[in-house]
Each structure stands twice: as structure tokens, then as C-alpha cells.
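Since the structure comes first, as C-alpha cells, the remarks are kept for the end.
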Amino acid sequence: MAATALLKANINGNYSKSSMPQIAFGSCDKAYTGLLASKKQVAHPRFVLKCKAEVAEVADSKLMNNAPVDGEKEAGEELSRSTLIWRAAKLPMYTVALIPVLVGSAAAYLQSGQFSFWRFLVSLASFVVVNVWVNLSNDVYDFDTGADKDKKESIVNLFGSRTLINNIAWSLLVIGFSGISWVAAAAASPRSVILSAFAAFCFFLYQCPPFRLSYFGVGEPLLLLAYGPLATTAFYLLQSRTSELPITGTIIWPSLLIGFTTALILFCSHFHQIQGDSAVGKMSPLVRLGTDKGSKVVKFGVVGLYSLLLALGFFQALPFPSVILGFITLPMANLVVDFVGKNHKDKSKIFMSKYLCVRLHTVFGAALAAGLVIARMLAPAASKIGL
């Protein structure tokens, strides 16, 4: 009991946020190591496990409630340039390029039993490059309107040349689309090029002048369409061999689910930008709704996602393994809903919500893809027993 009290006193002491976890765990180690070394009192294994569990729980709570989120500093401190560059690079966000390629290729494997690894790699690399164009050009045009005036991690603000960044962005679009076209030629799939072009046009409508439809609050449906039915179906077709694969529910339904999770990422990215967006007339959904209603939209959106997954499984529009694996991701979805519900008014914390959505998008998409592959592998056994 004395050791437990000592541990709690150490953990709840007046330590800085950055040093708290190390001090807490260090105190724990000293406490139960001392008990083990003592001849007067022997630490039972249950005590050791309880000690570690208590420390982990308290440390985790301290980090979630008090620690700066995603590299945020205390008020008055400046973020380092390396931190700003890391944010500007948005590396975790490039799973929005990975998942459509992964799910499209998995659906093609379910349909045909064939998979081309080199086409997968070239398609993925090309789509990543296209997404770099999306992010760079978005920074350029938000710089033009003043939406990124106070956004220190804006690429234009960091490197200071709007023209250079814009030229690089459009060059990358040409490179990325050329890679996709090359794979399409090998697959003899003109439809994949058309779908990819429509996806790129949705990106253009979303952020580029004279349209800038994101300023009218319709970015989410545009990106749902672009990353979902358009891009995911295009990568499905890029796995064609002797003839183009048919476009059926095998790809349409998974692509809609992927588009939905992508739109959720964009929606949550607006929470911490309401003030800046409103100042320049960018009427994002969160500017219109406010954070309280926005948090409810996230909750209903997640419920809708898994309800659709259940319905697709019930009507056998989606393979059973994909449905089961999809529902295994529910804890991640619950984390998103809880985090947004608790922190939607806290600008410094709600910044993290989009990255939690990225994690949900990644694990959900990977689960769908794995289920599609497993369904193909189990198909011979299923046919033998009449399923």
C-alpha cells in the first residue's frame, strides 16, 4: 500500500508535461524494484502488474488530457521549422492514396483471381504524386484567398515562393497522370483513364479557380466521388489482363465505403480552421454548422458507415469476410466519435481528429481489402459446400 501511494504521489506531482511519463514510469520501477530487493517484504506478481497498470492508466490520461496534441506547444512558444515542415508534408494523409489502390486491386483479385504487383506499385506511386499536386495546389490557392494567412505550416508560407510551388504542383500532376496512363495502356483499359481524369477534375473543382467549390461547402461529396467510385474503380480496372474487368457491385460497394471514410477525414479537418475559413468567406460545413452540430454529424456519419456495411453484408453485396473484418475496426471508429465529442470546442486538441480519421480510413480500408482477398481464397471451399 505504501508503494502504491508513493507511485500515485510521484505521478500526480507537479512535473512538466514533457517529463511526466518518464518520471512516472521511473518512479514505478524504483518502487517495485526496491520491494523485490527488500528482505522484509516480497512483491507478489499481482502487485507488480497492478503497479504497472496504474501507472500506464494515469500516464495515458495525463497525455490525452493535458499534453500538447500533434506537436502543439504551450501558448507563446513557437513551433520548430522541422515540426512545421512535417505538418506541411502531411505524410499520414497519403493513406488516402494507398487505400483506393489497395481496395481496387483486391476487388480485381476477387473478380478475376489475378494480381499484377508491378501495376499495383506504379499505380500507387502515380496516385501518391497526384495527391502531392492536390495538397500543394490547395496551399497555393488558399494562400491566394488569404485562408492560409496565419497557417504557419502552409508550404507557401514556409518556402515563400507561390509561383515555384504552383509550377511544381502542376508538373507533379502531369507526372502522376502519365504513370496512370502508362499502366492503363498495359492493361488495355481506356475506361480507367477516363475515370482517373474525372477524379482529377473533381480535385480541380474542389480547390482551383474559378470554381473553388470547397468554399461553398461541397468538398466532402466531391472527394467522396473522387476517391471512391472514380479512383478506386479506376485502380480496379488497371488490374485487367486479357480484357477489361466488368464494373459490378464487387467494386462499386467497397468504393463507396472508401469514399465515405475519405470524406470524413476532410470534414474533421475543418474543426480547427473555422475562424480562418470564416474570415475569408470559405463556407465549410463546420463554418455553417458549428462544432457542436459538427460533432453530431461525425457520430451519425460513423453510425451510417457501419450500418451500410451491415446492410451490404445482409444482402450479400459484400463478401462476408470483408463485413466481419470491417466490424473489427469499430473500436477505432468509437475513438473518433468520443474524441470529437469531447474536444470539438478545443482548437488545440481537435486538430488531432483528422489524423484519427486517417487511422480509421486506413484500418477500415485494409480490412475491406483483406476480406476481398480472403473471399477469393475461400471461394473453392465455399462452392464445394454450396455457399
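For the sequence shown, the working numbering begins at 1 and goes up steadily by one. Virtual Cβ for every residue (Gly too), placed ideally from N, Cα, C. All values derive from a computational prediction rather than experimental measurement.
Go ahead and pull the three-state DSSP assignment for residue i.
i	result
Asp338	helix
Pro285	helix
Ser189	coil
Ala197	helix
Pro321	helix
Ser171	helix
Cys119	As written in the sequence, residue 119 is Arg, which differs from the Cys given in the question. Looking at Arg119 - three-state DSSP - the assignment turns out to be helix.
Asp346	coil
Met352	coil
Pro209	coil
Ala75	Only weak support exists for where Ala75 lies, its pLDDT of 38 falling under 50; the value from the coordinates is given anyway. Three-state result, Ala75: coil.
Ala9	Reliability of the predicted coordinates at Ala9 is poor, the pLDDT of 45 falling under 50, and no value is obtained from them.
Ala147	coil
Gly402	Since the first residue shown for the chain is 1 and the last is 387, residue 402 is missing from the structure and cannot be characterised.
Leu91	helix
Ile258	helix
Gly113	coil
Pro246	coil
Arg359	helix
Gly304	helix
Leu158	helix
Thr329	coil
His272	helix
Ser240	coil
Val183	helix
Ser80	coil
Val218	coil
Val280	coil
Gly290	coil
How big is the Cα-Cα spacing for residue i and residue j?
i	j	result
Phe198	Asn157	30 Å
Asn334	Lys296	13 Å
Gly104	Ala226	13 Å
Ala234	Thr242	16 Å
His344	His272	8 Å
Thr261	His361	5 Å
Leu195	Phe177	12 Å
Glu220	Phe267	7 Å
Phe320	Gly313	6 Å
Ser214	Gln316	36 Å
His270	Ala184	35 Å
Tyr355	Ile265	8 Å
Ala311	Gly281	39 Å
Ser181	Ile274	38 Å
Ser410	Ala375	Outside the modelled stretch of the chain, which goes from 1 to 387, sits residue 410, for which no answer is possible.
Leu223	Phe216	14 Å
Ser116	Gly249	22 Å
Trp253	Asn138	29 Å
Leu230	Pro210	23 Å
Leu102	Gly179	17 Å
Ser80	Tyr306	40 Å
Pro228	Trp170	Position check: residue 228 holds Gly in this sequence, whereas Pro was assumed. Cα to Cα, Gly228 sits roughly 23 Å from Trp170.
Tyr109	Val373	7 Å
Asp277	Ala366	33 Å
Thr145	Val122	35 Å
Thr232	Ala147	30 Å
Leu368	Pro100	11 Å
Glu77	Leu256	Summary for Glu77: the model assigns pLDDT 46, below 50, so the residue's position carries little reliability, and this model does not support an answer.
Ala106	Pro190	20 Å
Ser154	Asn135	10 Å
Ser348	Ile247	44 Å
Rounded to whole angstroms, how far is the Cβ of residue i from the Cβ of residue j, which I believe are closer than 8 Å?
i	j	result
Leu245	Gln111	5 Å
Phe339	Ser353	6 Å
Gly371	Leu330	In fact, because the Cβ distance is near 15 Å, the residues do not count as touching under 8 Å.
Cys357	Val337	At roughly 11 Å, the Cβ-Cβ gap does not stay under 8 Å, so Cys357 and Val337 are not in contact.
Arg119	Phe143	Not quite, the Cβ-Cβ distance comes to about 36 Å (not below 8 Å), so this is no contact.
Leu237	Ser284	About 33 Å; that fails the 8 Å criterion.
Arg359	Met332	6 Å
Ser240	Ala187	5 Å
Val140	Ile165	6 Å
Gly341	Lys299	7 Å
Legend entry - the region 90-97 contacting the region 131-140, beta-carbon criterion three pairs below 8 Å: yes
Legend entry - Contact between the region 246-262 and the region 198-208 (3+ Cβ pairs under 8 Å): no
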